[in-house]
Structures are given as structure tokens and as C-alpha cells.
Amino acid sequence: MRVSIASLAVVALGLATQVASIDPLVVKGSKWFNKKTGAQFFVKGVDYQPDITSTSQIRDPLADSSICTRDLPFLKDLGVNAIR
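In our numbering, the protein residues as written are 88 to 171.
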């Protein structure tokens, strides 16, 4: 699998921007809470593996920034807050 430095930089920059805007979480017992608001945080996650049947090669789905950018609006509409 080949990953270009440019595509990694684009993904890293996008993630860094998003991380800066996320409120921190705290753990109390077995539950997670938003540190700023005190509201309980519920994980709504997906296992993100787009297009794995179109090729026999195993590849990192996050390495292609155009595919990630294409899928982000759909994940947002679903209310996803965690990606595996």
C-alpha cells in the first residue's frame, strides 16, 4: 500500500482542525461526560471501510482524502461521533 505524504498531510490537517473544536470528555464510573456541559456522552460509531469489495488489495480507507471528504457529510447526517 502506498500513501503519499500530501494525502497524509491533508488528513492530519483536517483532523487537527476538528480535534481543536471538540469538547473534552471525562469518565465517571463507567460513563463518559462532556467536561464543559456535564451532559452524558453516548458513542455513536461506525466501522469505516468504504469500497473494500472493489479490489483484492487491503488498503487504509483513511489514506484517500477524497473518499473521506465524500463520506463525511453522510456520517454527519447519521450523527456519528466515533469512527473505527
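Ideal Cβ placement from N, Cα and C applies to all residues, glycine included.
- By the CB criterion at 9 Å, R157 and G132 fall outside the cutoff.
- The three-state secondary structure of I154, taken from DSSP, is helix.
- Distance from K123 to D110 at the Cβ level is roughly 5 Å; contact confirmed, criterion being Cβ atoms closer than 8 Å.
- Shown here, F128 sits in a strand according to DSSP, grouped into three states.
- Secondary-structure assignment with DSSP links F120 through a beta bridge to V113, Q127.
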